[in-house]
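Peer 1: Numbering (our numbering), first residue to last: 11 to 376.
We put the CB at the ideal spot given by N, CA and C, even for glycine.
These numbers come from a predicted model, not from an experiment.
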């Protein structure tokens, strides 16, 4: 029998899957700060469908994630979604940037544009730009957006700082523009981030009707990634997504003029359903998110692997921290690829998570 870990309070970046031993905890977290309080947990156990059992070759991680979502167990309050998924092979997932920075070639025009903004730090700024392109898979369209800010004489380190912050927080290019304008007017980054978090408000999970997610999970075309992404986007955007999709290159064509714009409700369920409908029709998240101006256009959520031995080792070493705080610390360290001891020092100093993230970005792009 798989042991279910009780977590009263866990924080992490956006939507992360934290793999604890053979258990995967999927958190729907705060959309507007890097480390938002966990509101919903999904616990999975591998359960192959009958048609999958016929395959002789072992299922890889991607197949499990995309296909094997069965038997959801709903709580009566609808507060948590508990599913089963246990897989010892999660260590096969590799994180980090695999390509070398030198493999990215910028045009002479783009290179000169960055160089002319800060000749003293031009080499560092170009390297950081290449790292940004690689680490976050910046599309050509998004690169053009970033170049626009360089044309506006925005400092490269400010552009990179804002881009990464918003990428990790389901931010949009509209919000990026506001942040850079605030910087141009002399605001400090910590003030900008504090105001952004305050204005965005705390993430609250949707109150799905009883059995709704149970039924949705049974559909082959929909994965847990789709559900978590749609839930975040439904709160992030106010764009009408009720149009029929006749051309998968866009989500905003051939709208029925008689179909009124969907009004945002307390739960945002209509937006969620429309986003899920787009996925059922085969539209990739990259297209949907790009059309909505969302910076993070990925179709999957980040996975973080945590072992029982890691938790035990740190719990014994730092007895003043609870197990939940230890897990928070591991998740933050692995998310940011930071030294876990540095994060623990910050946590023990009672630093808020957004301050830790600010210091991380400041160090990375100074």
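Count the other CB atoms within 10 Å of the CB of residue 257; is the residue buried (16 or more) or exposed (fewer)?
Peer 2: Annotation note: pLDDT 43 at residue 257 (below 50); position unreliable, coordinate value reported separately. Counting Cβ neighbours within 10 Å, residue 257 comes out exposed, since fewer than 16 surround it.
Peer 1: Are there 16 or more other CB atoms within 10 angstroms of the CB of residue 351, so buried, or fewer, so exposed?
Peer 2: Result: exposed.
Peer 1: Looking at the unbroken beta strand (DSSP E) that takes in residue 124, where does it start and where does it end?
Peer 2: Not the beta strand (DSSP E): residue 124 falls in the alpha helix (DSSP H), residues 118-127.
Peer 1: Do the segment 324-342 and the segment 352-366 make contact, defined as three or more Cβ pairs closer than 8 angstroms?
Peer 2: The segment 324-342, when compared against the segment 352-366, does touch it at the 8 angstroms Cβ threshold.
Peer 1: Starting from residue 212, follow the alpha helix (DSSP H) in both directions and report where the run begins and ends.
Peer 2: Run containing residue 212: none; DSSP gives neither H nor E here.
Peer 1: Assuming residue 373 and residue 167 form a contact by the criterion Cβ under 8 angstroms, report the distance between their Cβ atoms to the nearest whole angstrom.
Peer 2: With 8 angstroms as the limit, residue 373 and residue 167 do not qualify as a contact, their Cβ atoms being about 11 angstroms apart.
Peer 1: Measuring straight from C-alpha to C-alpha, what distance separates residue 284 and residue 296?
Peer 2: Those two C-alpha atoms are separated by around 16 angstroms.
Peer 1: Where does residue 236 land, buried or exposed, given buried means 16+ other C-beta within 10 angstroms?
Peer 2: By the 10 Å Cβ count, residue 236 comes out buried.
Peer 1: Would you tell me roughly how many angstroms separate the C-alpha atoms of residue 328 and residue 313, rounded to the nearest one?
Peer 2: Each residue's Cα considered, the two are about 25 angstroms apart.
Peer 1: At what residue ranges does the segment 303-358 contain a whole run of the alpha helix (DSSP H), taking only runs of 4 or more?
Peer 2: Counting only runs of 4 or more, we get 318-327, 333-346, 350-358.
Peer 1: DSSP three-state label for residue 300, please.
Peer 2: Note: residue 300 maps to helix in three-state DSSP.
Peer 1: Who are the Cβ neighbours of residue 142 in its own chain at under 6 angstroms, not counting the five residues just before and after it?
Peer 2: Same-chain partners within the cutoff: 170.
Peer 1: Under 6 angstroms Cβ to Cβ from residue 115, same chain only, skipping five residues before and after it: list those, please.
Peer 2: Result list for residue 115: empty, nothing under 6 angstroms.
Peer 1: What does a CB cutoff of less than 8 angstroms around residue 157 pick up in its chain, not counting 5 residues either side in sequence?
Peer 2: Excluding sequence neighbours, residue 157 sits near 120, 123.
Peer 1: Is residue 246 buried or exposed, if buried means 16 or more other CB atoms sit within 10 Å of its CB?
Peer 2: Per the 10 Å Cβ criterion, buried.
Peer 1: Closest by CA to residue 191, which one among 179, 164, 182, 211?
Peer 2: Comparing Cα positions, the closest option is 164.
Peer 1: Going by C-alpha to C-alpha distance, which of 355, 136, 326, 316 sits closest to residue 337?
Peer 2: Nearest of 355, 136, 326, 316 to residue 337, Cα basis: 316.
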